[in-house]
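Chains as they are written, first to last, in the working numbering: chain A, 4 to 340; chain B, 5 to 535; chain C, 6 to 331; chain D, 487 to 786.
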């Protein structure tokens, strides 16, 4: 798995990120590992506070320090070890090989610069284009994300949320990066706009063969766009596998809980089964498995030992002690499409 | 903790820097024995240690004169304070002149003058005097000047004396007064008697009044900042030795002296007494001084409570220690003052007994007025900022020792002048420059003018003054004035404090300044020999 | 945009009238009048009455004020009681000096505050942050006339590098400008620091970094332009302080400016000159404040849009938007 | 991703963070700011000196007692800060002067506070024509630079301690009006104000008991900073000869009187200058500290 394979775009090994504040330390990301091939899309799923965005930021080494500290781990993007790169090299990779779309379009665009200039900036840096060439290409990018060229000269506050996110996408994909991180790109948008933005990402992904990390808490989006799925809980990956493995052969009780808390269109009368309790306090993670306090299958062992991710079949991995017992299975509710 | 240390460190460093750069290296303060009572040795009332010019020297072309007052008007009849008089003396001619050495009147643009009855005077003008705009100065200009005088701001006192100015011909005129006044010739030496150009003024009131006939011409000016004069090459008398002369307004005294030391100005008027020692000690600089006749006096409002009581006035007279004021406020640079007469004023009685500082005697007068420890006497003393305020503070402390509480009320110049003229004050500290003619003291001791800050009105004194001004016989006239001074002393109308010495700090090789005790110095012939 | 500018200028008229009324009446409360300053000591009571009549000071206050205002409306600011020179000429003579001094001190103040503010924002929480804030505060805590004297002693007298006074040439501008400038540093540095701290936290900087923009450019281009907005507002409010500082500094450094003109005229009860000069300075400041607002709109497109779309009336909403964090 | 510091949901395992009152929270944050602490200690010491200076200093002898024999002596064991031109001990005068300088600053600001806050609150709350009138008046006052307005007021009313305070107070009113109005405008739209109005409270009760308590933080910050600048203004006015009449030892007056002696006896200006600098610096530090502590956004 760890051999350098030319079609492996991203390799993350044992990544751990803490936020060290004055009185306490927030353990945001704990020893996660995964990898991504060219053109492949992985979905990072989890509730708010599971450490999804911190992971994404760590990939670009954008975690604000202080207070953020990358405790351990190795990140290789297109063959570059991100954590040890000198700053100039790092800057030449950001936006060129790996780029990111941010969650809140309202604040992620600079309010005092024209939209077209914000797109043209990365072109000037990476593609070494002249001002006018970059300006032209930026207007092209605007068109590809569905905004008319004439609006290039306007400012972010003149755009709606959806339009701003399209600009965000145009910025990210200006230099056609090999890896795109989309941090909950549609959460801040209403449903109709969500579909358009997702379609846009899908088209651009297929056209340029970009690998995408889709960060979301919306299982519907994962189903629609992702090849692989990694379910995160309290900074750990608790289940990881192909779309079919995770959706149709759910192993980890938390993932099952996520599916159960979704309303089922076909069976309106069925009762919702939300997961009891709340996410653990990241400054005070419980001893053993973080999910133990809320897990109906939890045993005494679960409360003391930290489960490891182990392969159960094919590419399907799960971090749950109960699977040591050969015949263990969770009772699975009716799945939906 | 580290941040706390950084804060303290930064403060100490800054304080150290401030102390360092402001403590001086010239004279180490600790050696300076508090009271510098240096009697002004040779600098007494001579016209400064004048270095007389010998033959063709290279004179400095442009002279810059820094002074503490600002010039705001061109018209010699519109203003009369010191800073304006410097400029008037240089740009205008007065009929007569007064020689400070010989204490005699001298001809100026008037060559001869005579009178039989001190009512009508006849004068003869020089025929080679020209204004700066080329027109010749004739008797018409003189008549125009003195007809205009009554309704101007500063020349009105002169104007009110004159009944009529009659032109005999171009170079002869007569002046008839309302009543006999022996002092008229002296009055015609003052800047307010300057002759202005009739045509120029009638044509343009504002600019025209700047045309004089003196050795210097007005070149350019910005009121409240500077006035630049340039040499008048076809002046009838001795030509000026420098080419330009700029009077520059520099209000901050210490800054003015610093500009002299850095060479930005050549002459600094009225340096702070504190800095005199430094100027004397700095090579390249000279100190020129004169004993002024401007009296600083303590006036008590004669007309209303509490100072209508003579005992209280005399208690003040003996309770104030004038010598301490001289030592502390003037740092010794002043002369004791006996009465309200200038020491060079006609009729000055050197023999008047001064008020010796005698706290016991003062207490007796206080008791006589019905005040004592249990019922202390207190009053308000009105002062203006600067030297007079310092005197006020000292007097407050001195009178405290004899059980009198003084409350100091501070005014700016305009406020003080109004309240004391209207008699709203109980007591005040004021000053007045005494001219050379005998009747000048009238404005201090007789009713009717703004300077009589005591509102003193003693019929006996008024009568004596009227007699004196009309008296042609010198001995009798002097007697009258001596009698007046004795009455004033016995009645305790005023407590005269001191004559302040005046100083100019100048670049070495400066000369030609004709110092007048009344501070109307004539700088027409000023020069600086380049070292 | 033009409607807004017009509205602000029209609004200026009542303010100027108010100011002239305020100054004229307060000044009349002062004991004594111009004649007490003008008249020589030996002037008799009749002379004083005559002079009062000449200057019209014997008329009741209200009539004098109305007379003054009727001339003012026709653009004639009257003559100074002291010199008889029209107020307008004296003001115009002095105004460039104070303008020059004001601009120079603004340059000093901004030149020192911006780097110090950014420096301390970048090192937020460290001792360096504290020291730079204390340095900025020192400027405000020292009475500027004392600072002026000390600077003069050190640089003009002891070192002889700079002239100690007067208004001839660039060199004589440096010390007075530093004296006034340091006084304004505190508020400006603090605002720069807090607005930089706000901006550094913003998401769009992270977007810029994600684009591969170097840290230096992120701060200098992206952050600074956004941080400038509250800074410009503060510079607007600081301008009042310039003239305040000028009043003192001009007398220490014999700088023939409007500040000193007003103080001197005040001492000699020269009401037309004081009122005229204050009206002119007030008008000047209001215009400059308006320019600052426009500059504000120029830098922040959100405001510019607001002017264009909204009818003029909404101007105080926009004021609300400018955080009054003076 | 919000670091959840607010609510604890597993009460049994995690130690409960004590819920501090709003002011205790502010004090906690203020304590962390070293600069503010230094400032606060200095201010407390000054207030102590101001209150008790009469106890250990006799006004007549120590403060204004003239003895010319000991004139102009540099700092020595006998006179720690030397003596002035009348032989008065400068150290005693500075200690005693604390009362004058601080009271000028505090009273002036109280005047400004009372007028400014009420006007600002009324303007902010009432809106419409009243707001327009009040704001126009504020513009008139604030368009004339502070120093000039103070000059004119003192020149007009004559020089006394109270007139000085009044002049400086009046000139600081515009800042308070603007700050209060801005705060009231933001608070006015909150629901609890609607609720207060709904239950029929009279306007002035709403303003003073509901709205103003919530606008305190900008006002408090402005107050501390204004006290600092008031002391500076007092010293500037003394420089122009319009300060507190002699012989009261207000620092500004001492500094301005000492400027004549700045070259030979620099200590006479150094100590009053330092006194003003340290006091104003301390007040500014406290003001800054309060600003950060009260400003919800600037969490460290």
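In this text, a Cβ means the ideal position worked out from N, Cα and C, and glycines have one as well.
- Among the residues of chain D, those whose CB is under 8 Å from the CB of residue 290 of chain C are 629 and 631, following chain order.
- Counting C-beta pairs closer than 8 Å gives three or more between the region 190 to 202 of chain B and the region 78 to 90 of chain B, which meets the contact rule.
- Remark: three or more beta-carbon pairs, one from each stretch, lie closer than 8 Å, so the region 87 to 102 of chain C and the region 281 to 298 of chain C are flagged as touching.
- For residue 16 of chain A, no alpha helix (DSSP H) segment is defined; the enclosing uninterrupted segment is the beta strand (DSSP E) at 11 to 23.
- In terms of Cβ geometry, residue 237 of chain C and residue 304 of chain C form a close pair [threshold 8 Å].
- Secondary structure at residue 302 of chain B: strand, using DSSP grouped into helix, strand and coil.
- Look at residue 229 of chain A here: in three-state DSSP terms it is coil, with no helix or strand label.
- With contacts defined as CB atoms closer than 8 Å, residue 294 of chain A and residue 266 of chain A fail to qualify as a contacting pair.
- Closer than 8 Å to the CB of residue 270 of chain B there is not a single CB belonging to chain D.
- Straight through space, the alpha carbons of residue 9 of chain C and residue 621 of chain D are spaced by roughly 17 Å.
- Beta-bridge pairing by DSSP links residue 243 of chain A to A:233 and A:320.
- When beta bridges are read from the DSSP output, residue 701 of chain D appears opposite no residue.
- Contact of residue 360 of chain B with chain C is not assigned, every C-beta pair being separated by 8 Å or more.
- Contact check for residue 610 of chain D against residue 667 of chain D passes: the beta carbons are separated by less than 8 Å.
- For residue 61 of chain B, no beta strand (DSSP E) encloses it, and the DSSP letter there is neither H nor E.
- Excluding five sequence positions before and after residue 263 of chain B, the CB atoms of its chain that fall closer than 8 Å to its own CB belong to 70, 254, 269 and 272, given in chain order.
- Neighbours of residue 328 of chain B in chain D, taken as residues whose beta carbon is under 8 Å from its own, are 554 in chain order.
- Judged by pairs of C-beta atoms under 8 Å, the region 55 to 70 of chain A does not touch the region 260 to 276 of chain A, as fewer than three such pairs exist.
- Ranking B:265, B:395, B:377 and B:92 by CA distance to the CA of residue 287 of chain B puts B:265 first.
- Annotation: the continuous beta strand (DSSP E) that includes residue 75 of chain A extends over 71 to 80.
- In this structure, residue 392 of chain B places its C-beta atom within 8 Å of the C-beta atom of residue 433 of chain B.
- Approximately 34 Å separates the beta-carbon atoms of residue 502 of chain B and residue 246 of chain B; this is outside 8 Å, ruling out the contact.
- The shortest CA-to-CA distance from residue 744 of chain D to any of D:534, D:721, D:701 and D:696 is the one to D:721.
- For the region 104 to 137 of chain A, the beta-carbon criterion of a distance under 7 Å to any beta-carbon of chain C is satisfied by 105, 107, 110, 111, 112, 113, 114, 115, 124, 125, 128 and 129.
- Within 8 Å of the CB of residue 698 of chain D, no CB atom of chain C is found; the nearest one sits about 17 Å away.
- For residue 178 of chain B, the uninterrupted beta strand (DSSP E) segment begins and ends at 176 to 181.
- In the three-state reduction of the DSSP assignment, residue 108 of chain B falls in the strand class.
- For residue 154 of chain B, there is no enclosing alpha helix (DSSP H), as DSSP marks it with neither H nor E.
- Taking a cut-off of 8 Å on C-beta distances, the region 736 to 743 of chain D touches the region 759 to 769 of chain D, as three or more cross pairs fall below it.
- Contact check between the region 203 to 213 of chain C and the region 152 to 165 of chain C: fewer than three CB pairs, one atom from each, fall below 8 Å, which does not count as touching.
- Taken through DSSP and simplified to helix, strand or coil, residue 29 of chain A comes out as strand.
- Per DSSP, the continuous alpha helix (DSSP H) segment holding residue 775 of chain D begins and ends at 753 to 780.
- CA-to-CA, the gap between residue 26 of chain A and residue 286 of chain A works out to about 10 Å.
- Of the residues assessed, residue 194 of chain A falls on the exposed side of the cut-off, its CB having fewer than 16 other CB atoms within 10 angstroms.
- Going by DSSP, residue 495 of chain B is part of the alpha helix (DSSP H) stretching over 478 to 495.
- For residue 205 of chain B, not one C-beta of chain D is nearer than 8 Å to its own C-beta.
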